[in-house]
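One gets our numbering by counting positions in the sequence shown from 1 and adding 3 to each. Just so it is clear, CB atoms sit at the ideal spot from N, CA and C, and this is done for glycine as well. This structure is a prediction, so every number in the text was calculated from the model and none was measured.
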Amino acid sequence: MAREGIKFTSFYAQPVCTPSRAALLTGCYPMRVGLPNVLDHTANIGINDGETTIAEVLKPRGYATACFGKWHLGHHPKFLPARHGFDEYFGLPYSNDMWPRHPTYDAFPALPLIHNDEIVQYNPDQRQLTTWYTRRAVNFITRHKEEPFLVYLAHTMAHVPLHVSDKFAGRSAQGPYGDVLMELDWSVGQILSTVRALGLDSNTLVVFTSDNGPWYIKGEDGGNATPWRAGKGTTYEGGMRVPCIVRWPGHIPAGLVSGEIATSMDIYPTFAHLAGLQVPQDRIIDG
4 MAREGIKFTS FYAQPVCTPS RAALLTGCYP MRVGLPNVLD HTANIGINDG
54 ETTIAEVLKP RGYATACFGK WHLGHHPKFL PARHGFDEYF GLPYSNDMWP
104 RHPTYDAFPA LPLIHNDEIV QYNPDQRQLT TWYTRRAVNF ITRHKEEPFL
154 VYLAHTMAHV PLHVSDKFAG RSAQGPYGDV LMELDWSVGQ ILSTVRALGL
204 DSNTLVVFTS DNGPWYIKGE DGGNATPWRA GKGTTYEGGM RVPCIVRWPG
254 HIPAGLVSGE IATSMDIYPT FAHLAGLQVP QDRIIDG
């Protein structure tokens, strides 16, 4: 994928899940939108009704919008993607380790798998999550090929606990983490192949990035940020600095590497600008 687009150094607004996702979807620092910390099953807060997500910004231009994967901006119905601009949602409302099989904490309830705003399964087979998310993304793109669309695909993996389907289990020389990355690579390939097959290449901007650095306390299952210092949960570069690859054939030169610094908050106003829209004028947008 790096050969086909531009590679940036990208920094997230926080080195943990909830606030980094809040920043991506609102274009604002997490403190500004009231989500500075990681949420779990006990949280009674989430993304506020007064915020305007990137999905809601794009709606006036007729965009079909979908979110597949990890949400983590509140698990109660009023906080879910279907109430914040996304036409479709399928995924987990928070991290996949927040379930009864947690190795050191036994008070987590059953982990819900949600479709739109309904729980369709508890404690799903996490080996299938990457495949399920990918198939739904491909299906959504295919169904909406004749209109503008936004797909926010937030894979659960490679968050610990690691799970991988049988088609990739044991295939990597780097163990379970490598297997998971191979399956994520497969997922990206499935989506890009679909975009090409539908003749949408020149009309589709793809951004590939991560919400934070590796989780070092999980050992070899948590990833590695070498040569950057530390990882997830710290404000050293290993926690905040992540890869960002942007692909748009015919618009972005292939193979270009940029030394400019971007943040996840910049995606919000960039998408709005490219769609010919303005970001909300009644608040501060930090991107």
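Output yes or no for whether 7 Å exceeds the beta carbon distance between residue i and residue j.
{"i": "G30", "j": "P272", "result": "yes"}
{"i": "V36", "j": "E59", "result": "no"}
{"i": "L132", "j": "D224", "result": "no"}
{"i": "L38", "j": "A25", "result": "yes"}
{"i": "P217", "j": "A228", "result": "yes"}
{"i": "D214", "j": "C20", "result": "yes"}
{"i": "V245", "j": "T212", "result": "yes"}
{"i": "E150", "j": "A275", "result": "no"}
{"i": "L153", "j": "L259", "result": "no"}
Classify residue i: buried if its beta carbon has 16 or more other beta carbons within 10 angstroms, exposed otherwise.
{"i": "D169", "result": "exposed"}
{"i": "H87", "result": "buried"}
{"i": "A110", "result": "exposed"}
{"i": "Q129", "result": "buried"}
{"i": "G65", "result": "exposed"}
{"i": "H162", "result": "buried"}
{"i": "T207", "result": "buried"}
{"i": "S98", "result": "buried"}
{"i": "P96", "result": "buried"}
{"i": "S261", "result": "exposed"}
{"i": "P179", "result": "buried"}
{"i": "I117", "result": "buried"}
{"i": "H78", "result": "buried"}
{"i": "H147", "result": "buried"}
{"i": "H158", "result": "buried"}
{"i": "D52", "result": "exposed"}
{"i": "G222", "result": "exposed"}
Go through its chain and collect everything with a Cβ distance to residue i's Cβ below 7 Å, but skip five positions before and after it.
{"i": "F82", "result": "G49, I50, L76"}
{"i": "Y125", "result": "A113, L114, P115"}
{"i": "T56", "result": "L28, T29, H87, G88"}
{"i": "T237", "result": "P18"}
{"i": "D43", "result": "Y97, M101"}
{"i": "A172", "result": "D182"}
{"i": "T134", "result": "S168"}
{"i": "D90", "result": "A67, T68, A69"}
{"i": "D269", "result": "G290"}
{"i": "M4", "result": "In this prediction, M4 scores a pLDDT of 39, lower than 50, which makes its location untrustworthy; the coordinate-derived value is nonetheless stated afterwards. Only V191, F211, I248, R250 meet the Cβ criterion."}
{"i": "G202", "result": "none"}
Below 6 Å CB to CB, which residues in the same chain sit around residue i once its five sequence neighbours on both sides are set aside?
{"i": "Q17", "result": "S23, P33"}
{"i": "A233", "result": "Y239, G241, G242"}
{"i": "Y92", "result": "C70, P84, A85, N119"}
{"i": "S175", "result": "G181, D182, M185"}
{"i": "G279", "result": "none"}
{"i": "V209", "result": "R250"}
{"i": "T137", "result": "S190, Q193"}
{"i": "P103", "result": "F111"}
{"i": "Y155", "result": "C70"}
{"i": "I287", "result": "none"}
{"i": "R139", "result": "F71, F93"}
{"i": "G226", "result": "P217"}
Just curious, the alpha helix (DSSP H) that residue i is in, first and last residue?
{"i": "T212", "result": "That residue, T212, is in no alpha helix (DSSP H); its beta strand (DSSP E) goes 209-212."}
{"i": "W231", "result": "Here W231 belongs to no alpha helix (DSSP H), and DSSP marks it neither H nor E."}
{"i": "M160", "result": "Element bounds for M160: n/a, residue is neither H nor E."}
{"i": "S196", "result": "178-200"}
{"i": "A278", "result": "Taken as a continuous stretch (DSSP letters only), A278 belongs to no alpha helix (DSSP H), as it is neither H nor E."}
{"i": "N142", "result": "132-146"}
{"i": "A58", "result": "57-61"}
{"i": "S23", "result": "20-29"}
Just to confirm my understanding: we take residue i, look at its own chain, exclude 5 residues before and 5 after, and list those with CB closer than 8 Å. What are they?
{"i": "T197", "result": "V141, I144, T145"}
{"i": "D204", "result": "V198, P252, G253"}
{"i": "L277", "result": "L208"}
{"i": "V123", "result": "L116, I117"}
May I ask you to list the residues that DSSP assigns as paired with residue i?
{"i": "C70", "result": "Y92, Y155"}
{"i": "Y125", "result": "P115"}
Specify, as a first and last residue, the run of the beta strand (DSSP E) that residue i falls within.
{"i": "V249", "result": "244-250"}
Closer than 6 Å to a non-hydrogen atom of the ligand SAM - does that hold for the CB of residue i?
{"i": "F152", "result": "The ligand SAM is not among the ligands present in this structure, which contains no ligands whatsoever."}
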